[in-house]
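Below is one structure, written out as structure tokens; the observations come after it.
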Amino acid sequence: MFRRSFNRFCAGEEKRVGTRTVFVGNHPVSETEAYIAQKFCDNRIISSKYTLWNFLPKNLFEQFRRIANFYFLIIFLIQVTVDTPTSPITSGLPLFFVITVTAIKQGYEDWLRHRADNEVNKSTVYIIENAKRVKKESEKIKVGDIVEVQADETFPCDLILLSSCTVDGTCYVTTASLDGESNCKTHYAVRDTIELRTVESIDNLRAAIECEQPQSDLYKFVGRINIYSNSLEAVARSLGPENLLLKGATLKNTKKIYGVAVYTGMETKMALNYQGKSQKRSAVEKSINAFLIVYLFILLTKAAICTTLKYVWQSTPYNDEPWYNQKTQKERETWKVLKMFTDFLSFMVLFNFIIPVSMYVTVEMQKFLGSFFISWDNDFYDEEINEGALVNTSDLNEELGQVDYVFTDKTGTLTENSMEFIECCIDGHKYKGVAQETDGLSQTDGPLPYLDRADKNREELFLRALCLCHTVEVKPNDTVDGVTESSELTYMSSSPDEIALVKGAKKYGFTFVGVQNGYMRVENQRKEIEEYELLHTLNFDSVRRRMSVIVKTQSGDILLFCKGADSAVFPRVQNHEIDLIKVHVEHNAMEGYRTLCIAFKEIAPDDYERVNRQLIEAKMALQDREEKMEKVFDEIETDMHLIGATAVEDKLQDQAAETIEALHAAGLKVWVLTGDKMETAKSTCYACRLFQTNTELLELTTKTIEESERKEDRLHELLTEYRKKLLREFPKSTRSLKKAWTEHQEYGLIIDGSTLSLILNSSQDSGSNNYKSIFLQICMKCTAVLCCRMAPLQKAQIVRMVKNLKGSPITLSIGDGANDVSMILESHVGIGIKGKEGRQASRNSDYAVPKFKHLKKLLLAHGHLYYVRIAHLVQYFFYKPLYDAAYLTMYNICFTSLPILAYSLLEQHINIDTLTSDPRLYMKISGNAMLQLGPFLYWTFLAAFEGTVFFFGTYFLFQTTSLDENGKVYGNWTFGTIIFTILVFTVTLKLALDTRFWTWINHLVIWGSLAFYVFFSFFWGGIIWPFLKQQRMYFIFAQMLSSVSIWLTIILLIFVSLSPEMLRIVLRSVRRRSTRVHHLISSSA
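Numbered according to numbering that gives the first Met the number 0, the sequence shown spans residues 0 to 1084.
The following block contains the structure:
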């Protein structure tokens, strides 16, 4: 029981030890053996955070972990327990408001999760029990149950496919809800169970499945099914990802299937993939915490000074105990140290409003509401996919305006990932098609044009390899009564490259028409159907970088066809065959095309028997299956013969080059991290203007390092040489590298995965332990970096390395594929492209956009404005931080919050078109410029200056206490009300002066809040409230405004208080006008 609980608790762990045994139908495999039901988790999905019983304590605990909330809780408790000059309501009510609003928001979000969970958990499913279809709720499914799923239904848990309505036991599945891929994928039942298509036959099955414990990888599964019968020994068959139907996927083009549940509930792969992501904090949030600490220090200092001054003043007996206010006996006997401490706490309470509790609510509201502007932006809408931008988190809006480094994938991000077959090379002879495709038909006048044509048999062998070496499926609807109309074929594959190659072969007269009963069918140039028995598929993986198929021809010959990257194929073919092909491969790579090499070999029957046995043994292994299969693949894919190579074009995305130019102009460093070969990636980088024609490239690749016998020595030599060159160009005295790029020679760096591994994992001798630091120094001086042949983990390592640089630069990663998820999660801001490689990147990102070009407006316009708005909001709250309990409570909540909230949502200090057209404006706010020490001190000085004007201006007015014609004397409550009125009007008018982009909403909240203040003051002081013990504000405001001198004082002090701000605006306007005139004069000259 403990182990089960532990496994559930650690459900997100990627590696699990051991296996599980699942009895199909929960039937014992033998009547003589006792059956003990195993305990697995139920099929309930729980994405909610709270329950009805733990919501209050758990939510309160999480909220009071925030330093400001905890601080105000302490202040509230002090006010309750200690005699303080202000009511506990002054801090208790705002705190209650903040806590309540946040709890309601989080509770509502969790209620939505509960509702979504119930929709899934209470959905109807059919279980096969005792040879009958039994209707149940999804949450009642147990591991081992046989489940019936019909067309267009989603799988309620992870199932092993036992049989389907088709003769060959296949079914078609879409995994759009898991990884975004909408194409159909084929899944297979083992051949021993495909005949079990009825309820009675499937219920009679006696079998046990041994499989790995649940893990999150959607594309990995290792298992084995042992099928028992009365007369024979158990038959064992291997199980892999092709047999596993994942929860959340949908059954398509198949009427019905039967499957056995192997993983349920929170142990399904879908549930394990949606575990919580790490919390990202923006630079602004860190600045807020720093400001809080500074203001807390100021608060403690003020309280300490006032406490000291009080006791200095009370050192005179008359001041300590005047005749009209004698101390009680208890007060005289109070321990003096305790009295000083309580006085210190009282002063802390009195001044605690310099730390604004409502700021957190306003910031949260600003982030949440502001995120809708990204979703609503029509410029982000893409008609092709009929979608716009998506905001997965609103906590990082302002971080979009602070990015220093952009890490981007190449394929599908900078390029379209829409592959088009361009040309091929057979035995060194180039074939470049000029045929035009219309609706899938090849429009040709006989054979396609060629240059120095290869042997006819070699041509056909190459084209057959293209038609056979792939995992492409033909849409089932295209086959009617066994006759396939090749003109109407629709190909489906998880890889656009494969479809492009199959279509390329079709241009040359060889058409793949599908798989039928285990035979791959190809229509040749003579319109004859050729059939090849598919014996084995050696699937592609990112380590091998190649894939192969083993097929048997109609004449009985066994052939292996292999395709892969040149670096993966060339070492496995005859050396004399490489030179002719290599020239074309390198030329195509320089043109920016994606290249693949095609090879084959004939396998003798005896060799095949051995190979077949090894493959079956490796597939049956439960432990280390992948390593064993990789070893067998490695042995099989040797001594091949190179036939030729293909070139496929992945077109550059629309406006990709303009976007990268704009990012460079904005001072951002752009790094391309790709798995492609160096030549292809380099060509793409020139095409998208990452590298300019005048950019000097520094290479740290296998090619440059292998010039020496000792790689590490050569690497150290190159690193030292590059560093010296860059230090000469960019001396340490250069204050801003961003500005220096435009004044000096631009440098770009190219590094590949193997060299990066050498740098990160160098031996720790004195000559090489500083590789990493030298490499980082070089990277910081380069305007652009290209990292090619990168594994997904290496992409994340690069991002992490830059994140940890001195100064902690803000990083942004953008990609479209599952291999980009690691760097997207690692960076400060992750952007997913809604591309053709699935939706895993966009699901794991903070923001998702349809195209790379949208990054320009997202950063330069939205990011810029978000940062300026929230920086102004934060400074404003610390600037305007008092008086009667009601006024203190309403000040930050009502009187001054709505204007700044409207400002922080709507302000456009610079027009959006100007921001996108002049990227240099982005540099003005980089490095958290508006929340640095200088602006902080300016706002603090402004607050101190205005506070001094408020107090002493009103104080001098009160030198004559009789301010009315009738000689009535005004007291301290009138004094405080005058100051408070000046304060409210000044901070609101200050915001009006700062506003450059006026809307009707701004007018409403700014002038409306001032009107509300006046109305509230008359209302609060014009009625005798029965629930108040003493009403000190009664008729104060109305009486105060009856004095002309008070009116004049309020207007004068507001003007004086705002004079520094008005002077700054005038000077700024004069400076801009002079700059504009100077620019016009220089341009005319």
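All C-beta atoms, glycine included, are put in the ideal place defined by N, C-alpha and C. Since the model is a prediction, treat every value here as computed from it, not as a measurement.
ask   = Would you say N910 touches the ligand COA, meaning its beta carbon is less than 6 Å from a heavy atom?
value = By its list of ligands, the structure shown contains no ligand whatsoever, and the ligand COA lies outside what it can speak to.
request  = Report the three-state DSSP secondary structure of L1057 (helix, strand or coil).
outcome  = Of the three classes helix, strand and coil, the one that applies to L1057 here is helix, per DSSP.
task = Provide the residue span of the beta strand (DSSP E) that contains Y531, from first to last.
result = Per DSSP, Y531 belongs to the beta strand (DSSP E) from I528 to L537.
inquiry  = Given a cut-off of 7 Å on the beta-carbon distance, is the pair S844 and G862 in contact?
reply    = One thing to note: S844 has its Cβ no nearer than 7 Å to the Cβ of G862.
query = Should L956 and T1048 be called a contact, given that it needs their Cβ atoms to be closer than 7 Å?
reply = The answer is yes: Cβ separation under 7 Å.
query = Quick check: the segment 638-648 against the segment 559-579, are there 3 or more CB pairs under 8 Å?
reply = Yes: the two stretches touch, three or more of their Cβ pairs being nearer than 8 Å.
request  = Measuring only between beta-carbons, confirm whether F54 sits less than 7 Å from chain D.
outcome  = Looking at the structure shown, chain D is missing, and only one protein chain is on hand.
task = Rounded to whole angstroms, what's the CA-CA distance from G747 to I924? Just pull it up for me.
result = For G747 and I924, the distance between alpha carbons rounds to 26 Å.
query = With respect to the alpha helix (DSSP H) encompassing N587, which residues constitute its N-terminal and C-terminal limits?
reply = Taken as a continuous stretch (DSSP letters only), the alpha helix (DSSP H) holding N587 covers I577 to M589.
ask   = In whole angstroms, what is the alpha-carbon distance linking K723 and N693?
value = Roughly 20 Å between the two C-alpha positions.
query = If you follow the beta strand (DSSP E) that V259 is part of, which residue opens it and which one closes it?
reply = That run of the beta strand (DSSP E) goes K255 to Y262.
key: At least 3 beta-carbon pairs within less than 8 Å: the segment 152-171 vs the segment 245-264   = With the cut-off at 8 Å, the segment 152-171 and the segment 245-264 touch.
task = May I have a chain-ordered list of the beta strand (DSSP E) segments no shorter than 3 residues that lie completely inside the segment 337-422?
result = DSSP runs (the beta strand (DSSP E)) wholly in the segment 337-422: 404-407.
query = Can you tell me whether G517 is buried or exposed, with buried defined as 16 or more other CB within 10 angstroms of its CB?
reply = Under the 10 Å beta carbon count, G517 is surrounded by fewer than 16 other beta carbons and is classified as exposed.
request  = Compute the Euclidean distance between the alpha carbons of W938 and Q874, then round it to the nearest angstrom.
outcome  = So the alpha carbons of these two residues sit roughly 7 Å apart.
query = In terms of residues, what are the limits of the alpha helix (DSSP H) holding K506?
reply = Secondary structure note for K506: its alpha helix (DSSP H) is the uninterrupted segment P495 to K506.
request  = Note the first and the last residue of the continuous beta strand (DSSP E) segment covering N225.
outcome  = N225 -> beta strand (DSSP E) spans G222 to Y227.
query = Can you list, in chain order, the residues of its chain whose CB lies under 7 Å from that of C164, leaving out five sequence neighbours each side?
reply = Cβ neighbours of C164 within its own chain (closer than 7 Å, five residues either side excluded): R196, T253, K254 and K255.
request  = Buried or exposed for F71, please, with buried defined as at least 16 other CB atoms from any protein chain shown within 10 angstroms of its CB.
outcome  = Within 10 angstroms of the beta-carbon of F71 lie 16 or more other beta-carbons, which makes it buried.
message = Going by beta-carbon coordinates alone, are P808 and D394 separated by less than 7 Å?
response = The answer is no: Cβ separation not under 7 Å.
request  = May I ask which residues mark the beginning and end of the alpha helix (DSSP H) holding R196?
outcome  = Per DSSP, R196 belongs to no alpha helix (DSSP H) and is neither H nor E.
query = In the structure shown, what three-state DSSP assignment does G202 receive?
reply = The identity of residue 202 in the sequence shown is Asp, whereas the question assumes Gly. Look at D202 here: in three-state DSSP terms it is helix.
ask   = What residue from F372, I1045 and F95 has the CA that sits closest to L76's CA?
value = The candidate whose alpha carbon is nearest that of L76 is F95.
Nearest-angstrom beta carbon gap, I549 and I615 [assumed within contact, 8 Å] = No, I615 and I549 are not in contact; Cβ-Cβ is about 13 Å, not under 8 Å.
Euclidean distance between Cα positions of R1067 and L992 = Going by the C-alpha atoms only, they are around 13 Å apart.
Residue interval of the beta strand (DSSP E) (run including C170) = Boundaries of the beta strand (DSSP E) around C170: T169 to T173.
message = If contact is defined by three or more beta carbon pairs under 8 Å, each pair taking one atom from either stretch, is the segment 452-469 in contact with the segment 418-431?
response = With a cut-off of 8 Å on Cβ pairs, the segment 418-431 is in contact with the segment 452-469, counting three or more such pairs.
ask   = How many angstroms separate the CA atom of Q553 from the CA atom of Y531?
value = If you take the alpha carbons of Q553 and Y531, they lie about 6 Å apart.
Top-ranked residue by Cα proximity to E634, from D606, T594 and M619 = If we check each option's Cα against that of E634, D606 comes out closest.
request  = With DSSP collapsed to three states, give me the class of V1169.
outcome  = Summary: the structure shown does not reach residue 1169, with the chain confined to residues 0 through 1084, and so no result is reported for it.
inquiry  = With a threshold of 8 Å on Cβ separation, who are the neighbours of Q796 within its own chain once the five nearest residues in sequence on each side are excluded?
reply    = Excluding sequence positions up to five before and after Q796, its CB lies within less than 8 Å of the CB of L755 and L759, all in the same chain and listed in chain order.
ask   = In terms of DSSP beta bridges, what is F22 paired with?
value = Paired residues: A207.
task = Inspect the beta-carbon positions of N242 and L160 and report whether they are closer than 7 Å.
result = Their beta carbons are under 7 Å apart, which means N242 touches L160 by this criterion.
query = Anyone know if the C-beta pair for S137 and N120 falls short of 7 Å?
reply = For S137 and N120, yes; Cβs fall inside 7 Å.
request  = Examine the Cβ distances between the segment 44-58 and the segment 99-109 and report whether three or more of them are shorter than 8 Å.
outcome  = Touching, yes, given that three or more Cβ pairs across the two stretches are closer than 8 Å.
request  = Determine, using beta-carbon pairs with one atom in the segment 382-391 and one in the segment 621-632, whether at least three such pairs fall under 8 Å.
outcome  = Because the criterion of three Cβ pairs below 8 Å is not met, the segment 382-391 and the segment 621-632 do not touch.
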